[in-house]
Amino acid sequence: MIVIINPEFEYLREYIESIPKRFQFEGEQIYAGRNLIKVMPILEFNVNVKRYRVPKFFNRIVYSFFRNSKGWRAFNYPKLLLKKGFQTPIPIAYIEERQYGLIKHSYFISLQCPYKRNFYEFGDADIKNSSDVVIAFAQYTAHLHEAEILHRDYSPGNILFDKVDGQYQFSLVDINRMSFGKVSVKVGCANFARLWGQIPFFELLAKEYAAARGADEILCRKWVLSYRRLFWKRFAKKHQIKYKLEL
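The sequence shown begins at 58 in this note's numbering and counts up by one.
This is the structure:
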């Protein structure tokens, strides 16, 4: 078993090393899908523990010898974001179980984000009642891209936020899929495609994103809406569901 611990939390080593044995029977499950997430208590605070599913055989070989696992990336990428001033849950540890030399389950342990709201709430939202947070988010995303950070799974559940001292604060989660390097305005506009919302929601995003990056508003609007439409058409085809997205 490989255990990597943030030096800040070295004093929790004994408990952290016991997590794979505890995980099946302890903690409160908050998400179950391809991966499993639980909230588990450690001393005076709670932590999020994400257990990644065992990869398929080919990927087990790839992640064991040629490429960093999702859990490893989830543990190390926050350091890059936090260093540049962007919020994400503080990483505590990464655990990797192996069997016959190949990766089995891996775990990412982090502090819980205090923000309770996410972007699912904008699916049917009236833009008149949410324009302030949308504007703040568009500006935030522009700053993120200008800092050469691209979250490749910029979906509603991975963007947490709340209002703190009168200002909207954002925190990114599930950040194992990231790119670091120059982000063009066109790529930045495409980054909004996975979000939920009505046409006015995306039009305001495009307008404020363009303003924050000194880009052409009309072109940004065209890109944002076209990439949104393309993503959801592909999604509907893949999952064999009827496409009803407002165009």
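Using N, Cα and C, we set each Cβ at its ideal position, and we do this for glycine too. Predicted model only: the values in this text are computed from it and were never measured.
| Query | Result |
| --- | --- |
| Going by beta-carbon coordinates alone, are Val96 and Glu83 separated by less than 8 Å? | no |
| Give the straight-line distance between the Cα atoms of Leu262 and Lys294, rounded to the nearest whole angstrom. | 26 Å |
| Let me know if Tyr157 comes out buried or exposed under the rule of 16 or more other beta-carbons within 10 Å of its beta-carbon. | exposed |
| I need the boundaries of the beta strand (DSSP E) containing Lys136, first residue and last residue. | Where Lys136 is concerned, there is no enclosing beta strand (DSSP E), although the alpha helix (DSSP H) it sits in stretches over 127-140. |
| Between Asn186 and Arg174, what straight-line distance do the alpha-carbon atoms span, to the nearest angstrom? | 15 Å |
| Quick check on the DSSP output: what are the complete beta strand (DSSP E) runs of length 3 or more inside the stretch 153-201, in order along the chain? | 159-168 |
| Would you mind working out which of Lys279, Asn233, Lys243 sits nearest Ala131, comparing C-alpha positions? | Asn233 |
| Give me the DSSP bridge partner(s) of Asn105. | Val96, Ser167 |
| Excluding five sequence neighbours on each side, which residues of the same chain lie with their C-beta closer than 6 Å to the C-beta of Met58? | Glu154 |
| Return the chain-ordered list of same chain residues with a C-beta closer than 7 Å to the C-beta of Val230, the five sequence neighbours on each side being excluded. | Thr145, Pro146, Cys170, Asn215, Leu217 |
| Count the other CB atoms within 10 Å of the CB of Glu205; is the residue buried (16 or more) or exposed (fewer)? | exposed |
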